[in-house]
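Here the working numbering is used: the first residue of the sequence shown is 214, the next is one more, and so on. For reference, the structure is listed below as structure tokens.
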Amino acid sequence: MDYQKIIQDVYEKVQPFAKTGKQADYIPALAKVNPDQSGVCLKTLDLQQYSVGESKVRFSIQSISKVFSLAVALSCEGKNLWQRMGKEPSGNAFNSLVQLELEHGIPRNPFINAGAIVVADVLLSHLANPEEEFIDFVRNISESETVNYNFSVARSERSNGYLNAAIANLLKYHGNIKNDIEHVLQFYFLMCSIEMNCTELSNAFLRFADHRKEFNYCNVHLTSSQVKRINAIMQTCGFYDESGEFSYLVGLPGKSGVGGGICAIYPQRYAVTVFSPRLNAKGNSVVGMKFLELLTTETKESIF
Ligand code: GLU
214 MDYQKIIQDV
224 YEKVQPFAKT
234 GKQADYIPAL
244 AKVNPDQSGV
254 CLKTLDLQQY
264 SVGESKVRFS
274 IQSISKVFSL
284 AVALSCEGKN
294 LWQRMGKEPS
304 GNAFNSLVQL
314 ELEHGIPRNP
324 FINAGAIVVA
334 DVLLSHLANP
344 EEEFIDFVRN
354 ISESETVNYN
364 FSVARSERSN
374 GYLNAAIANL
384 LKYHGNIKND
394 IEHVLQFYFL
404 MCSIEMNCTE
414 LSNAFLRFAD
424 HRKEFNYCNV
434 HLTSSQVKRI
444 NAIMQTCGFY
454 DESGEFSYLV
464 GLPGKSGVGG
474 GICAIYPQRY
484 AVTVFSPRLN
494 AKGNSVVGMK
504 FLELLTTETK
514 ESIF
């Protein structure tokens, strides 16, 4: 498969969509991002790497971090984690409060904000130095020592994070947050603020694509079955209330973030990351969705 040619062709085909949508502006620091950037990096299991556009420009990974935090939490808690959250698609917006109230503080899955806030709480309970240990893990799987948090993005989100604070309070009321709410929120926003480029993200997601191999990075140890299940949750819950649509159009497990990134994996074959900040109404990158739809159409490769 000539992936370089295919991704270049597809990249050109998605350019007519480049001005559609707008970047996330509910996080003040993200409203300032240049929306006219885009990049792609596809990396195969045999370590061939193919890139187009601004694949080395770092961006805010936001909810893509929820895959990394779930990996750490599963390594710490194993299946006990599922007593505190489900693994069903929510069919609701990523920051919805309604379902959480009806379901008595048990989030539908770890990839909506409520679930990821509980995951942040789990990490605070288990890790001696959560901030350092989490970033060390992300650096290790992305093969980049310079990946880091953006503390001013995290502060900017905290200063406007009324809805996430409401979610955290509701979780605490139902006994599903053990640590101090403020500490949990700050750690959650910090994980979302990590900046990475397409190449670093594809390196990291390649570990999940290679699910037959044991996952041992820093102190995070997962069995192949656990990695397979993280991939299953990406497939069913990775795109908020657009997860069904992504599955239908693209046919790969993946995870998006409101920073405009989307990572997807073709198990046992490749990891691919697309970045373009303009989002659709559901909070997913317009160009990213279209690019991945055309990629799996042109290659005729998907899990289906
Ligand atoms: N930090 C963002 C929030 O909590 C993440 C949302 C996302 O990327 O979906 O609202």
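We put the CB at the ideal spot given by N, CA and C, even for glycine. Being a predicted model, the structure only gives us computed values, none of them experimental.
If I'm right that residue i touches residue j with Cβ under 8 Å, what's the distance once you round it to whole angstroms?
i: N389; j: R297; result: 6 Å
i: Q236; j: A244; result: 7 Å
i: L294; j: D423; result: In fact, because the Cβ distance is near 22 Å, the residues do not count as touching under 8 Å.
i: V311; j: P323; result: Not quite, the Cβ-Cβ distance comes to about 19 Å (not below 8 Å), so this is no contact.
i: A417; j: V471; result: 18 Å between Cβ atoms; not a contact.
i: Q439; j: L287; result: 5 Å
i: C254; j: S268; result: 4 Å
i: E395; j: V335; result: Going by Cβ atoms, the distance from E395 to V335 rounds to 17 Å, so no, they are not a contact pair.
i: Q250; j: P490; result: 7 Å
i: T359; j: C411; result: With a Cβ gap of about 15 Å, T359 and C411 do not count as contacting.
i: G252; j: F488; result: 5 Å
i: S338; j: N392; result: 6 Å
i: K256; j: A494; result: Wrong, their Cβ atoms sit about 30 Å apart, outside the cutoff.
i: E511; j: I219; result: 5 Å
i: S415; j: G464; result: Wrong, their Cβ atoms sit about 18 Å apart, outside the cutoff.
Who does residue i pair with in a DSSP beta bridge?
i: M409; result: F272
i: Y430; result: V433
i: Q262; result: K256
i: K235; result: L492
i: N322; result: N322 is not bridged to any residue.
i: S469; result: I475
i: Y362; result: Per DSSP, none; premise fails for Y362.
i: V335; result: BP columns for V335 are empty, so no partner.
i: A484; result: K256, I478
i: S498; result: L492
In chain order, what residues of the same chain lie with their CB nearer than 8 Å to the CB of residue i, ignoring the 5 residues before and after it?
i: L507; result: V223, K226, V227
i: I380; result: N308, L310, L313, N326, A327, I330
i: E345; result: none
i: L492; result: G234, K235, Q236, A237, V471, G473, S498, V499
i: V246; result: Q236, F272, S273, G472, G473, P490
i: P343; result: L336, L337, F400
Go through its chain and collect everything with a Cβ distance to residue i's Cβ below 7 Å, but skip five positions before and after it.
i: N444; result: F421, H424, P466, I478, P480
i: L435; result: A284, L287, S288, F428
i: D211; result: Outside the displayed range of the chain (214 to 517) lies residue 211, so it cannot be described from this structure.
i: L384; result: G318, A327, I330, V331, I390
Quick one: residues in its chain with C-beta nearer than 6 Å to the C-beta of residue i, no 5 flanking neighbours on either side, listed in chain order?
i: L462; result: E506
i: S469; result: F452, I475, N497
i: S522; result: No answer is possible for residue 522: the residues shown for the chain start at 214 and end at 517.
i: M404; result: S278, S282
i: Y362; result: L403, S406, I407
i: C450; result: P302, N322, F324, S456
i: K300; result: N322, I446
Is there contact between the segment 275 to 288 and the segment 258 to 266, where contact requires at least three CB pairs shorter than 8 Å?
No: fewer than three Cβ pairs fall under 8 Å.
Decide if the segment 448 to 455 is in contact with the segment 300 to 308; the criterion is three or more beta carbon pairs, one per stretch, under 8 Å apart.
In short, these stretches touch, since the Cβ pair count reaches three.
Measuring CB atoms only, is the segment 398 to 407 touching the segment 359 to 378, in the sense that at least three cross pairs come out at less than 8 Å?
Put simply, the segment 398 to 407 touches the segment 359 to 378. At least three CB pairs are less than 8 Å apart.
Name all residues in chain order for which at least one heavy atom of ligand 1 lies closer than 6 Å to the residue's CB.
Spelled out in chain order, the answer is Q275, S276, F307, N308, N326, E370, N377, C405, G470, V471, G496.
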